[in-house]
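Here is the structure we will look at.
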Amino acid sequence: MYPDERVVRLVTFEFVPIRIHVRDAGDVYSRVSQQLNVQWTPTVLILDEDGIERHRVEGFLPVDDFLAQLKLGLARIAFQRGAFDEAERRFRQVVDEHPQSDPAPEALYWIGVSRYKGQGDASALAETARAFSTRYTDSAWAKKASVWRAA
Amino acid sequence: MAEEGIAWRRDAERALGEAKQNQKRALVDFTAAPM
């Protein structure tokens with residue numbers, strides 16, 4: 000395990016951090032993993048302010064990808080509550096700060112959707128489709144955005 | 000995903016309840032890593 004100051008800062012600032020170990024005394028692990036439908040370790044869940052799961056990471060990730068996943072989860076929480084400006088800003092952080100990470104193409108897609116929903120600006124979708132013509136061209140998210148080329 | 004320096008709450012059920020009651024986002028790490 001690797002201590003990383005960026006992870007410590009982000010987790011400490013944004014979340015109540017809760018750890019459950021398979022060997023925890025009693026049957027806490029069994030109860031909570033069943034309650035939250037966790038079947039494997041490591042699994043990291045991001046719960047919103049109402050305790051609803053908004054993002055799930057299963058399996059080990061290197062630091063950059065892990066940070067990107069945490070930021071993607073925060074963006075999804077903002078999106079879900081209709082805070083589209085915040086969501087756009089947070090999705091953009093994923094792309095700008097972790098451009099090589101796995102969640103970056105997904106975040107690029109949702110930047111366009113967030114702007115469209117926040118500002119009613121359909122050109123945001125066409126812009127996003129154009130962005131995918133030069134970045135993450137082989138990703139599933141580029142395919143999904145391709146329908147917006149004529150928007 | 001264990002990270003030294005994070006003040007992990009180990010009283011999971013209480014912490015989950017408090018986070019919800021106080022309207023705080025929670026990061027829940029299920030792990031089998033050596034502690």
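First to last, the protein sequences are chains A and B. Under numbering that gives the first Met the number 0, the first residue of the first sequence carries the number 0, and numbering increases by one thereafter. Under numbering that gives the first Met the number 0, the first residue of the second sequence carries the number 0, and numbering increases by one thereafter. Ideal Cβ positions, reconstructed from N, Cα and C, are used throughout, including at glycine. On a predicted model such as this, the values are computed, not experimentally measured, just so you know.
When Cβ-Cβ separations below 7 Å define contact, residue 22(B) makes contact with chain A.
Under the Cβ criterion of 7 Å, residue 8(B) is counted among the residues facing chain A.
Pairwise C-beta distances place the segment 37 to 50 of chain A out of contact with the segment 108 to 118 of chain A, as fewer than three of them are shorter than 8 Å.
Taking C-beta separations shorter than 6 Å and ignoring five residues to either side along the sequence, the partners of residue 86(A) in its chain run 74, 77, 78 and 113, following chain order. Under the DSSP assignment, residue 104(A) falls in the alpha helix (DSSP H) whose first and last residues are 103 to 118. Residue 45(A) belongs to the set of residues whose beta carbon lies under 7 Å from a beta carbon in chain B.
Cβ-Cβ distances below 6 Å link residue 25(B) to 18 in the same chain, with the five nearest sequence neighbours on each side left out; the list follows chain order.
Considering only 2(A), 28(A) and 8(A), the residue with the shortest C-alpha distance to residue 9(B) is 28(A). Apart from sequence neighbours up to five positions away, the residues of its chain that approach residue 40(A) with a beta-carbon distance below 8 Å are 21, ordered along the chain.
Taking a beta-carbon distance threshold of 7 Å, residue 54(A) does not count as an interface residue toward chain B.
Any Cβ of chain B closer than 7 Å to the Cβ of residue 25(A) would place that residue at the interface, and such an atom is absent.
Inclusion of residue 7(B) and residue 18(A) in the CB contact set at 7 Å is warranted, their separation being smaller than that value.
Burial state of residue 89(A) is buried, judged by a 10 Å Cβ sphere holding 16 or more other Cβ atoms. Around residue 50(A), the beta-carbon contacts reaching into chain B at under 8 Å are 15, 18, 19 and 25.
For the 7 Å CB-CB criterion, residue 96(A) and residue 140(A) do not form a contact.
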